[in-house]
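Protein chains in written order, with my numbering: chain A, 704 to 1019; chain B, 152 to 436; chain C, 878 to 1347. Virtual Cβ for every residue (Gly too), placed ideally from N, Cα, C. To keep things clear, I will list the structure first and then write my remarks on it.
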Amino acid sequence: MLSRTADHLYWMARYTERAENLARMLDVNCRMTLLRQEEDVVRRRWTSTLATVGQLEPFLAARGTVSQSAAIDWISFERSNPGSIEQCLDRARENAHAVRGTLTSETWETLNSTWLEIRGFRRDTVSAQALANFFEWVKFRSHLARGVIQGTMLHDDALDFTWLGTYLERADNTARILDARFEMLAEDAANSDDAGDYYEWSALLRSVSAFEIYRKVYRDLITPRRVAELLILRESMPRALRHCMSRVHQVLVKVANDRSTETLRRAGEIDASLQYGRIDDMLATGLRRYLSHFLSRTGDLGTRIASDFLVSDATG
Amino acid sequence: MLLHIRHETLYRYDRPAKHSVQSLRLTPRTETGQRVLAWNLTAPGRQSQQIDAHGNLMHLLTLDEPHEEIHITVAGAVETEEVTDSAPADRGRLSPLVYVPDTELTHADEALLEFAARHGVKQPGRNEVMRLAHAIRDSMDYVSGATEVSDTAARAFSLGRGVCQDHAHVMIACCRALGVPARYVSGYLLTGRDDHIASHAWVDVWLAEPERWFAIDVTNGVPGSVQHCRLAVGRDYLDACPVRGVRRGGGAETMSAKVEVSGDGLQRRPATPRPRLLQQHAAQQ
Amino acid sequence: MNEIFNEMYADGDTVRTHYSPYSDWLAATAPDRIREKLVEADALFRRAGITFAVYGDETGTERLIPFDIVPRIIPAAEWEFLQRGLRQRVTALNAFLHDVYHDQEILRAGRIPAEQVLCNVQYRPEMQGIDVPMDVYAHIAGIDLVRAGAGEYYVLEDNLRVPSGVSYMLEDRKAMMRLFPELFARYNVAPVEHYPDLLLETLRSVAPAGVRDPTVVLLTPGAHNSAYFEHAFLAQQMGIELVEGQDLFVDDEIVYMRTTQGPRRVDVIYRRIDDDFIDPLAFRPDSMLGVPGLLTAYRAGRVTISNAVGTGIADDKSTYPYVPEMIRFYLGEEPVLANVPTWILRRPEDLAYVLGHLDELVVKEVHGAGGYGMLIGPRASRAEIEEFRTRIVADPARYIAQPTLALSSCPTFVDSGLAPRHVDLRPFVLSGRDVVMVPGGLTRVALREGSLVVNSSQGGGTKDTWILAC
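Listed below in structure tokens is the structure:
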């Protein structure tokens, strides 16, 4: 298929997935601030969140100081912020539009109506319930998009590149969420209390739809070690790094071309390291160090995929 | 006269360019009045060559790998001789009528139409062509940097300043306004001075009697001569310019060029090139 | 020529024979049912996304081209005649294109003034002496036909660059068959559905010599082009890639497309981009819609561009009056289809006549696009006529003049019910190894009462065109 077509499908999927993960991240933060109201903790949490999604600097430049409502508005609706949920959905739809002929009409209509409907959410309503509804809506639009793609599109290389975008983005996002949590954990270690910790961890699990899964898998107390294991190494957990990278690897095997040998090797290496990795080793060397290494490796993979398969000059 | 020519052009990019395509018109024409004794073109990437619509030898250069510069060198020897009525310039494959309709760069506005009506004639001989050229030279000072490479004849004329490209476009505009075929010529000029033009542009005008192309160097107010080496002709600068290119990526571009022309084995000092003429039409996607 | 020919009725209220089954059906069908069908038709087109001017406005909604449910019916014998004339005309136009880009015999014979062709900006010097496969230039021709007072056909215009509209011909038929299956039981309508197959066959037949299994692509300016729907539709129907300029590149005179499996060679480019924009190294340098170096590959014969570069010289308004002469010169035949009588104002006697009758005539600037540079005498004010007179006198060669034609009309559903509206007809003629066409075309209808403007951008709609099989 045309590289440009693959490029649009890949980014359509990435932006859809990114919008969903942003909503998840905001959702968990909002839940947590219902619990702990100290102002500096709240500010620190939002500062950390902005940093996690790579938007702290532009935010400070545009808005000055960090507050909960400003951060939520910035990440959710700000049009001048290319990383906001609104802009992600806009770009997902724009990419879909460019390859409309490759999509089923259901897929196109789903992405188009998501784009139309987001205008119905008023950015000045800040009630907790309204925000929760909004985040819920974003997640469900993403579920719908994935379902429509899975259920209506021809299972050919167009779909391969769509999944490639989905899983690479998801791996990146899960790693960032974990990283942010472990950062807070390290800083809070001195003054943590068990009850607060419990809520932190359960909120984190909920943010990646893993709370019930955790219960089912471990039938035990929530511990950071198990959470890390679940979200990093568990093959059957759909948002776990291992699950995502295993899919990325499989797709790359399928679409391999003359230029992609090295890319495929690196994806295989990441996949294998997750397959045979042990959580204790990761904790021993430092989980945050592990995650930041992981993020740089998936970032590198993204660049290589772009130059091997896609329109490599997308960045100018 | 035997002309020794060496011409180097170097494009550099801020960031690696991902894909470049350039058309090079950097090989002297083989035609009455000049004979290419030796010519060598060195450039990166793959090149194919073709005779273009106007009878120029064009190289198409493709670079599909990331690159930070493009270095093009041509060098060789060309023997020139006087073109006369008894040994007139080649007519070429195209009808001279093709050089009558105006182009964007050579469109005559009100001022040029008026000027053409005053100084030109509908069926010119050599003398009328010379007179028109002198009139243009008198109304347009040679000022390097006064105009942009993309400026039209009308704009340069309204400024009253320009370089050889502008002189040529104004001359072409005046001729065409009167229905006289005229075409752009790009080439090299042996000057013997280091402060003047080496990479140059002038004009061919179609004479009514006898019917033939007559070369006129408007900037210097002289007919084409054995000191002129012709690279390419066309309807305007865009058809005949030495390098025309498109690239993706690369950021900002800097260009430098060096042209050396010497005659009859007598070595001249390198002439100061005029980078403008060789500027690449860079476009980014 | 001011009497209007009605496609359905003769002498005011007598139904023409080929319309009588339709007329009977109409009489037997409740008006409410027709209304329902109108709503259904609208939904059908919206769902299929048959639109133009895609995404102009903020909401992402698209405009539909109005579709009228009354078919335009043409009897078999009449189509036979049209087909003969179209084939003849397109053959001559292609012969003319080959000639002007080679030996220019028609110019040397003085049948067309040399400056008429060579001083025209539509003449592309880049094509001089270049051979194209099968000597065919206009592989796809859309010939606009109109009928005047007594029902006689005239060619109004030849479209040989990037003619559009064929997707509406196909979608209109699909809609009619969905909405009114019972009508197709009453009529033996010749099929048009195989047009994409014929088009692909034509494009493959003009691949560069020696290419056994040619790769054909459709080159579009992109999703923001008003005809993008048609580009996507045709590419999908033919099963070929829909590419943009950035998807293609030229290396060593060969054109490749960038695919996820690496570069893949392209042999035939069905381009829906004008000459000026297809190669920034050869034509407009500021255009990024095209492919740098494409013209070089084309001139080397390594790729076929369809339609060929430079066909504009044959469909230019200033060339149009000479088409009957081309038919005589190249084919030794008399034209089957008539031109609209045209005065060429570079001829002194024509000029004198036109200046004396400006209030009756339509004067067109030969390089003017759309309605710009046009005088419609009967509708112009005194001052407008005088202003135009000055312009004509200043440069007569820029103008041609024609009588104001009364286009035929066809019953059409409008808000007030069934009413006559003016129509034209654009059949599509394909030229490759053979000259072929599907029995049909695009009927455009001017929906405003009295209007003669059938363009979709100015309130025009379309109708299904039924050619009756014998």
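ask   = Which residues does DSSP pair with Gly-396(B) in a beta bridge?
value = Counted from its first residue, the second sequence places residue 396(B) at position 245. Gly-396(B) is bridged to Gln-173(B).
message = Please classify Arg-928(A) as buried or exposed, where buried requires at least 16 neighbouring CB atoms within 10 angstroms.
response = Stepping through the first sequence from its first residue, residue 928(A) is reached at position 225. Exposed, since its Cβ has fewer than 16 Cβ neighbours within 10 Å.
task = Since I believe Val-410(B) is in contact with Tyr-339(B) (beta carbons under 8 Å), could you give me their beta-carbon distance rounded to a whole number of angstroms?
result = Taking the first residue of the second sequence as position 1, residue 339(B) is located at position 188. Taking the first residue of the second sequence as position 1, residue 410(B) is located at position 259. Confirmed, Cβ separation roughly 7 Å.
query = In terms of residues, what are the limits of the beta strand (DSSP E) holding Gln-378(B)?
reply = Here residue 378(B) refers to the residue found at position 227 when the second sequence is read from its first residue. Element bounds for Gln-378(B): n/a, residue is neither H nor E.
query = Residues of chain B with CB under 9 Å from Thr-1173(C), in chain order?
reply = Translated into the one-based positions of the third sequence, residue 1173(C) becomes position 296. Within 9 Å Cβ-Cβ: Ser-174, Ser-199, Gln-201, Asp-203, Met-209, Leu-211.
task = Note down the Cα distance separating Val-1023(C) from Gly-804(A), rounded to an integer number of angstroms.
result = For this step, residue 1023(C) is matched to residue 146 along the third sequence. For this step, residue 804(A) is matched to residue 101 along the first sequence. Going from the Cα of Val-1023(C) to the Cα of Gly-804(A) covers about 35 Å.
message = Distance check for Asp-1152(C) and Ile-973(A), CA to CA, integer angstroms please.
response = As a position in the first sequence, residue 973(A) is number 270, starting the count at 1. As a position in the third sequence, residue 1152(C) is number 275, starting the count at 1. Answer to the nearest angstrom: the Cα atoms are 49 Å apart.
contact_flag[the region 1178-1191 of chain C, the region 1010-1030 of chain C] where n(CB pairs < 8 Å) is 3 or more = yes
inquiry  = Our contact map puts Gly-396(B) next to Val-172(B) with C-beta atoms below 8 Å; I'd like the distance itself, whole angstroms only.
reply    = Taking the first residue of the second sequence as 1, we reach residue 396(B) at position 245. Taking the first residue of the second sequence as 1, we reach residue 172(B) at position 21. 6 Å between Cβ atoms; contact.
message = When you measure from the CB of Thr-1320(C) to every non-hydrogen atom of the ligand MG, does any distance come out below 7 Å?
response = Although the ligand MG was asked about, the structure shown includes no ligands whatsoever.
query = Is the shortest distance between the beta-carbon of Ala-893(A) and the beta-carbons of chain C less than 8 Å?
reply = For the purposes of this step, residue 893(A) is identified with residue 190 of the first sequence, where counting begins at 1. Reliability of the predicted coordinates at Ala-893(A) is poor, the pLDDT of 44 falling under 50, and the value obtained from them is presented with this limitation in mind. So no, Ala-893(A) is outside the interface.
request  = Would you kindly report the start and end of the unbroken beta strand (DSSP E) that includes Glu-1003(C)?
outcome  = Residue 1003(C) sits at position 126 when you count from the first residue of the third sequence. Glu-1003(C) -> no beta strand (DSSP E), and no H or E assigned at all.
inquiry  = For a contact defined as C-beta to C-beta under 7 Å, what are the partners of Gln-1138(C) on chain A?
reply    = Against the third sequence, residue 1138(C) aligns to sequence position 261. The answer, in chain order, is Asn-960.
request  = Flag Met-704(A) as yes if its beta-carbon sits less than 8 Å from any beta-carbon of chain C, otherwise no.
outcome  = On the first sequence, position 1 is the one that residue 704(A) refers to. Yes, Met-704(A) counts as interfacial toward chain C.
query = So does the region 381-399 of chain B actually touch the region 172-185 of chain B, counting three or more Cβ pairs closer than 8 Å?
reply = yes
message = Determine, for Gly-804(A), whether the minimum Cβ-Cβ distance to residues of chain C falls below 8 Å.
response = Locating residue 804(A) in the first sequence gives position 101, where the first residue counts as 1. Yes, Gly-804(A) lies at the interface with chain C (some Cβ there is under 8 Å from its Cβ).
inquiry  = Assuming Val-1083(C) is part of the beta strand (DSSP E), what are its boundary residues?
reply    = For the purposes of this step, residue 1083(C) is identified with residue 206 of the third sequence, where counting begins at 1. Taken as a continuous stretch (DSSP letters only), Val-1083(C) belongs to no beta strand (DSSP E), as it is neither H nor E.
key: Min CB distance Pro-1162(C) to chain B below 8 Å   = As a working mapping, residue 1162(C) is identified with position 285 in the third sequence. With 8 Å as the cut-off, Pro-1162(C) counts as an interface residue toward chain B.
ask   = Would Met-291(B) pass as a contact of Gly-271(B) if the rule is Cβ separation under 8 Å?
value = Along the second sequence, read from residue 1 onward, the residue named residue 291(B) stands at position 140. Along the second sequence, read from residue 1 onward, the residue named residue 271(B) stands at position 120. Taking 8 Å as the Cβ cut-off, Met-291(B) and Gly-271(B) do not qualify as a contacting pair.
request  = Please report how far the alpha carbon of Ser-1409(C) lies from the alpha carbon of Ile-1150(C), in whole angstroms.
outcome  = Lying before the first or after the last residue shown, residue 1409(C) is absent from chain C, which here runs from 878 to 1347.
key: Pick from Ala-1191(C), Leu-1080(C), Ile-881(C), Val-1306(C) that is closest to Thr-1181(C), judged by C-alpha positions   = For the purposes of this step, residue 1181(C) is taken as the residue at position 304 of the third sequence. Ranking Ala-1191(C), Leu-1080(C), Ile-881(C), Val-1306(C) by Cα distance to Thr-1181(C) puts Leu-1080(C) first.
key: Nearest-angstrom beta carbon gap, Val-930(A) and Leu-944(A) [assumed within contact, 8 Å]   = Within the first sequence, residue 944(A) is the residue found at index 241, counting from 1. Within the first sequence, residue 930(A) is the residue found at index 227, counting from 1. Leu-944(A) to Val-930(A), Cβ: 13 Å. No contact.
key: Nonlocal neighbours in the same chain, by C-beta distance under 6 Å from Asn-724(A), ignoring five residues either side   = For the purposes of this step, residue 724(A) is identified with residue 21 of the first sequence, where counting begins at 1. So the list reads Asn-876, once near-sequence residues are dropped.
task = Entirely within the region 1148-1194 of chain C and at least 4 residues each: give me those alpha helix (DSSP H) ranges in chain order.
result = 1171-1176, 1189-1192
key: Inter-residue spacing [alpha-carbon to alpha-carbon] between Ala-953(C) and Glu-1029(C)   = Position 76 of the third sequence, counted from the start, is the residue given in the question as residue 953(C). Position 152 of the third sequence, counted from the start, is the residue given in the question as residue 1029(C). Approximately 16 Å, taken between the alpha carbons.
Residues near Val-321(B) by beta carbon distance below 8 Å, same chain, minus five either side = Residue mapping note: residue 321(B) aligns to position 170 of the second sequence, counting from 1. Same-chain partners within the cutoff: Leu-263, Ile-287, Met-291, Ala-304, Ala-307, Phe-308, Gly-313, Val-369.
is_contact[Phe-762(A), chain C] using C-beta, thresh 8 Å = Residue mapping note: residue 762(A) aligns to position 59 of the first sequence, counting from 1. With 8 Å as the cut-off, Phe-762(A) does not count as an interface residue toward chain C.
ask   = Can you find a C-beta in chain A that's less than 8 Å from the C-beta of Met-1134(C)?
value = Residue numbering aside, residue 1134(C) sits at position 257 when the third sequence is read from its first letter. Cβ-Cβ to chain A under 8 Å: yes for Met-1134(C).
key: Residues that DSSP places opposite Asn-191(B) in a beta bridge   = Here the question's residue 191(B) lines up with position 40 in the second sequence. According to DSSP, which records beta bridges pairwise, Asn-191(B) is partnered with Ala-226(B).
request  = Could you list which residues in chain A have their beta carbon closer than 7 Å to that of Val-1120(C), in chain order?
outcome  = Along the third sequence, read from residue 1 onward, the residue named residue 1120(C) stands at position 243. Those are Leu-705, listed as they occur along chain A.
task = Grab the span of the alpha helix (DSSP H) containing Val-977(C) for me, first residue to last.
result = To locate residue 977(C), count along the third sequence from 1; it is residue 100. Segment 953-977, the alpha helix (DSSP H) holding Val-977(C).
task = Indicate whether at least one CB of chain B lies closer than 8 Å to the CB of Thr-936(C).
result = Taking the third sequence and counting its residues from 1, the one referred to as residue 936(C) is at position 59. At Thr-936(C) the pLDDT is 45, less than 50, meaning the model places this residue with poor confidence; the figure from the coordinates comes in the next sentence. Chain B, which has no Cβ nearer than 8 Å to the Cβ of Thr-936(C), makes this no.
ask   = Going by Cα to Cα distance, which pick from Ala-1084(C), Phe-1057(C), Asp-1021(C), Tyr-1133(C) is closest to Gly-1170(C)?
value = Reading the third sequence from its first residue, position 293 is the one you call residue 1170(C). Checking every option, the nearest Cα to that of Gly-1170(C) belongs to Tyr-1133(C).
ask   = At a Cβ threshold of 8 Å, is Ser-246(B) touching chain C?
value = The residue labelled residue 246(B) in the question sits at position 95 within the second sequence. Taking Cβ atoms only, chain C reaches closer than 8 Å to Ser-246(B), which makes this a yes.
As assigned by DSSP and simplified to three states, the class of Lys-957(A) = Within the first sequence, residue 957(A) is the residue found at index 254, counting from 1. Looking at Lys-957(A) - three-state DSSP - the assignment turns out to be helix.
query = When the distance is taken between beta carbons, is Gln-965(C) closer than 8 Å to Leu-1307(C)?
reply = Position 430 of the third sequence, counting from 1, holds the residue named residue 1307(C). Position 88 of the third sequence, counting from 1, holds the residue named residue 965(C). No, the Cβ-Cβ distance between Leu-1307(C) and Gln-965(C) is not below 8 Å.
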